[in-house]
Amino acid sequence: MKVVHSPLHARHDGGKELHRGELVPCFEMPVRADYILKAVERAGLEVLEPRSFAHESLLRVHDAAFVEFLRTAHAEWRSLGKQGFMLPSGFPARGLRRDHIPSGINGRMGYYAFDASTPIVEGTWDAALAAAHCALTAAALVAEGEKSAYALCRPPGHHAGHALYGGYCFLNNAALAAQHLRDRGFARVAVLDVDYHHGNGTQDIFWERSDVLFVSIHATPETEYPYFLGYADERGAGAGEGYTLNLPLPRGTGWKEYSAALGASLDAIGTFSPEALVVSLGVDTYEGDPISAFKLAQEHYPLIGQRLAGLKLPTVFVQEGGYAVDEIGTNVAGVLEGFLGRR
Ligand SMILES: NCCCCCC(=O)NO
Ligand SMILES: [Zn+2]
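Each residue of the sequence shown is one higher than the last, beginning at 1 in full-length UniProt numbering.
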């Protein structure tokens, strides 16, 4: 399994997020990627830098004006004499208009963002684009015959929708990988999101499509972020009806219940009989994660990898969340080594 990683991830740093009512240093910090990189190198996996892809690759899943906002926002912020990280101050919630995008930067920020946890800094665009290219490169490797590949993406992507950013995510790396596989001739692709949080962005992108199955096991939005998507009654719309499967679980879920949900998701994927699999690999399901509340232990991550290998599908792993930085590398490498049959 090859690993795709870009040192440009480190350009996304220096912001703060609004967490439980106060501005705190971001949990989604550069050292996460450094620790994962060390762990996959220790596991003997080959590491490559990403290829470059045309701007149009991003528009296969994202709105053009949204991408242009991400690309230019911080330069505009600086041209107004501002510096440091950008956070929105208002959102087009109920009773407000969403049919008009304000011309000012603060209005546009609130139009495209859905939380105040996802700061944009000067290097955010470079890092997000590099993460997208890591995912596209991993998908290209699988399209060219690799059995599997791992995109060490930072910032993550599964909360980013067609024209939406938040949850530490800007461009939807997993959705880009799935679309690239479709564009390279894989007739049906399944996306399995095992991050603690629901991949609302990925669901949004494939909501009306039957060629990409979206399955997510996550903490119930009744009590957990993103709160407003990820319920079991969300099954897709139009041609996509029946091609979204949400398996929300309560806070405190341990391996027994998680494993049962994993089994149900693998059954659904088997029924869909995809030609490839994209895994949104968040490891914030770990019992020691600072912002999450499942109870998976380190020894469970190789088991997840083994179960995924059982699908016998060409597989692209895309890094999502996981904030217990001391253990993130061990947990990610555990999944990959389990998948490879080494654990
Ligand atoms: N306070 C915002 C929490 C964002 C969750 C990020 C994440 O891990 N998503 O998978
Ligand atoms: Zn997460």
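C-beta: ideal position from N, C-alpha, C; glycine also.
Give the secondary structure of residue i by DSSP, where H, G and I count as helix, E and B as strand, and everything else as coil.
i	result
M86	strand
S103	coil
A43	coil
S216	strand
D284	coil
Y165	strand
K38	helix
I291	coil
A113	strand
L8	helix
A160	coil
V31	helix
A297	coil
A276	strand
Any idea if residue i is buried or exposed, counting beta-carbon neighbours within 10 angstroms, 16 or more meaning buried?
i	result
A75	exposed
H180	buried
T124	buried
Q83	exposed
F228	exposed
R182	buried
S79	exposed
E222	exposed
P7	exposed
Y231	exposed
E234	buried
H5	buried
V47	exposed
A65	exposed
A43	buried
S52	exposed
R32	buried
Ends of the alpha helix (DSSP H) at residue i?
i	result
E68	64–79
Q306	300–309
A264	255–272
residue 354	Limits of the chain in this structure are 1 at one end and 343 at the other, which puts residue 354 out of reach.
V142	124–143
residue 346	Residue 346 is absent from the model: the chain starts at 1 and stops at 343.
T202	200–206
I think residue i touches residue j, with their Cβ atoms under 8 Å apart; what is that distance to the nearest whole Å?
i	j	result
R108	A131	The pair is not a contact, with the Cβ atoms about 22 Å apart (cut-off 8 Å).
P25	A10	At roughly 15 Å, the Cβ-Cβ gap does not stay under 8 Å, so P25 and A10 are not in contact.
V61	L176	6 Å
I304	V335	5 Å
G282	G321	4 Å
L152	V3	6 Å
V215	L249	Not a contact, Cβ separation roughly 13 Å.
A138	A127	Actually they are not in contact, since the Cβ atoms of A138 and A127 sit about 17 Å apart, beyond 8 Å.
R184	E224	Incorrect: roughly 35 Å between the Cβ atoms, too far for contact.
F206	G166	The Cβ separation is near 18 Å, so there is no contact.
A143	N173	A143 to N173, Cβ: 16 Å. No contact.
Y111	P102	6 Å
A187	D211	7 Å
Can you tell me where the beta strand (DSSP E) holding residue i begins and where it ends?
i	result
Y150	148–151
T315	315–319
L23	22–25
H19	16–19
N173	Where N173 is concerned, there is no enclosing beta strand (DSSP E), although the alpha helix (DSSP H) it sits in stretches over 173–183.
V191	189–193
T244	244–249
K2	2–4
> Using the beta carbon as the reference atom, which residues fall closer than 5 Å to any heavy atom of ligand 2, ordered along the chain?
Replying inline: Cβ atoms closer than 5 Å to ligand 2 belong to D195, Y196, H197, G282, D284, G321.
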